[in-house]
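The next block holds one structure in the form of structure tokens; read it before the comments.
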Amino acid sequence: SGALLALSTAPWSSAASEMPEGQPLIYRSTASFVKTATKTNEDALAVDVSWNTIASAGIITSDQMALIYSLAEKKENPSLQSGIFKEDGAAYVSLFTAIFEGINKDDVIGYALAMLDEITDSDSRVASFFTKVIADSKGAIDPLKPLYKLLSRSTPFIVEKASVLMAKLVGDVPPMECPPAIVTILNDHLSKLAQWVVTAMKEVHPSEAAESEKTSAAMCGLQSLVSTSRGRAAALQADALLPLEALVTASSVSHSSSTVQLLYQTLFALWSLSYSKEAAAEMTHSKVGLIAKLVEIIKGSQKEKVIRVALSTLRNLQGVGKSNDMMVVNGLMPTPCR
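Start counting the sequence shown at 1; every next residue gets the next number (the working numbering).
The structure is reproduced here in structure tokens:
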């Protein structure tokens with residue numbers, strides 16, 4: 001149709017007006033992720049883990065067994081768990097490191113990942129204890145390495161949770177007192193995670209991505225990664241826009257529920273990236289005509305959440321390069337925000 005649609009205020013209703021400019025909505029929580037995996041944190045935490053047996057095998061100490069039981073007793077209340085964690089942060093970091101390093105059973109690893117995911121969602125400050133362990137040991141102890149190794153596992157739930165946790169643990173800006181050598185370690189982890197996410201997404205053809213567990217896991221990791229300015233910079237450097245643009249293009253040939261879900265995740269990642277000036281500039285110069293694709297989605301989608309996030313992305317692109325002209329050419333009239 002030749003009619004012009006108006007692009008004005010962000011389509012997030014009252015929530016939009018409460019958000020400080022330049023800060024994505026998702027923050028660090030995974031609550032806004034589209035749940036494409038069949039297994040949830042609740043499922044993983046329902047497993048009855050015999051920590052006594054694990055302690056008897058020497059994988060964790062008796063003291064660490066007491067620590068994990070203190071968390072397990074409060075698994076219905078992550079906010080209480082985060083408080084317990086912060087009382088002895090270094091000891092809990094050591095506990096989870098021992099679990100991820102010494103245990104191969106998927107259900108136990110999944111339990112620990114789900115628990116740590118819930119705790120860090122409840123209080124993002126828990127992540128700082130992992131950084132502190134690296135700094136205090138001058139890099140000799142790195143609790144992030146076992147998490148990174150989990151990305152090579154074959155179980156989708158483990159891969160997804162490991163990628164999300166990695167992003168939450170390394171995405172924040174390191175403390176100012178952090179030595180340069182430690183900042184380098186954190187930056188390397190961030191870069192490796194971004195590269196892994198992009199590589200995993202590129203390994204699946206866009207036309208098959210909606211049904212791919214690998215794409216689902218990588219997309220969840222990317223959503224967590226781009227919720228911080230450091231993560232957005234790392235994703236941009238790893239060329240994350242290329243597979244995202246390919247997924248937007250592929251979505252136009254299918255309207256299945258799984259495709260719509262993946263499109264929403266893809267647009268959410270693009271929206272978060274659009275808070276980066278560098279990413280916004282690249283998006284307006286997209287070779288696949290990203291602005292045209294976003295306008296096409298707004299005109300043709302039947303899903304309100306898809307339309308809203310596409311509009312919010314375009315709102316962030318207003319005034320960047322020739323974006324306003326491109327919006328008008330494609331039938332969307334940019335108007336001043338009120």
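Idealized CB from N, CA, C, for every residue including glycine.
Pair within 8 Å by beta-carbon distance, residue i and residue j
{"i": "residue 214", "j": "residue 203", "result": "yes"}
{"i": "residue 236", "j": "residue 281", "result": "no"}
{"i": "residue 295", "j": "residue 319", "result": "no"}
{"i": "residue 119", "j": "residue 95", "result": "no"}
{"i": "residue 47", "j": "residue 117", "result": "no"}
{"i": "residue 113", "j": "residue 158", "result": "yes"}
{"i": "residue 291", "j": "residue 317", "result": "yes"}
{"i": "residue 230", "j": "residue 276", "result": "no"}
{"i": "residue 111", "j": "residue 44", "result": "yes"}
{"i": "residue 165", "j": "residue 197", "result": "no"}
{"i": "residue 313", "j": "residue 263", "result": "no"}
{"i": "residue 91", "j": "residue 67", "result": "yes"}
{"i": "residue 93", "j": "residue 130", "result": "yes"}
{"i": "residue 134", "j": "residue 185", "result": "yes"}
7 Å CB neighbourhood of residue i in its chain, flanking five on each side removed
{"i": "residue 62", "result": "55"}
{"i": "residue 321", "result": "281, 284 and 285"}
{"i": "residue 211", "result": "258"}
{"i": "residue 329", "result": "none"}
{"i": "residue 155", "result": "106"}
{"i": "residue 49", "result": "108 and 111"}
{"i": "residue 323", "result": "284, 291 and 317"}
{"i": "residue 366", "result": "A question about residue 366 goes unanswered here, because the residues of the chain that appear run from 1 up to 338."}
Among the options, nearest to residue i - alpha-carbon criterion
{"i": "residue 273", "options": "244, 52, 181 and 189", "result": "244"}
{"i": "residue 181", "options": "136, 197 and 39", "result": "136"}
{"i": "residue 103", "options": "58, 87 and 39", "result": "58"}
{"i": "residue 227", "options": "256, 129, 101 and 265", "result": "265"}
{"i": "residue 71", "options": "115, 184 and 252", "result": "115"}
{"i": "residue 149", "options": "139, 141, 163 and 138", "result": "163"}
{"i": "residue 248", "options": "234, 310, 82 and 78", "result": "310"}
Cutoff 8 Å; reference residue i; Cβ partners in own chain excluding five residues on either side
{"i": "residue 325", "result": "none"}
{"i": "residue 246", "result": "206 and 288"}
{"i": "residue 242", "result": "198 and 202"}
Neighbourhood of residue i by C-beta distance below 6 Å, restricted to the same chain and skipping five residues each side
{"i": "residue 189", "result": "144 and 170"}
{"i": "residue 301", "result": "307"}
{"i": "residue 80", "result": "74"}
(message) Going residue by residue through the segment 79-119, where are the continuous alpha helix (DSSP H) segments of at least 4 residues, counting only ones entirely within it?
(response) Runs of the alpha helix (DSSP H) lying entirely within the segment 79-119, each at least 4 residues long, are 89-102 in chain order.
(message) Quick test of the definition: if touching needs 3 or more C-beta pairs under 8 Å, does the segment 194-211 touch the segment 129-146?
(response) Judged by pairs of C-beta atoms under 8 Å, the segment 194-211 does not touch the segment 129-146, as fewer than three such pairs exist.
(request) Count the C-beta pairs between the segment 119-127 and the segment 174-184 that are closer than 8 Å, then say yes if the count reaches three, no if not. (result) No, the segment 119-127 does not touch the segment 174-184.
(message) Suppose only complete runs of 3+ residues qualify. What are the beta strand (DSSP E) ranges in the segment 245-321, listed by chain order?
(response) The qualifying runs do not exist here; there are none.
(message) Quick check for students: name the residue ranges of the beta strand (DSSP E) that lie wholly in the segment 164-192, counting only runs of 3 or more.
(response) Fully enclosed beta strand (DSSP E) runs of 3 or longer: not present.
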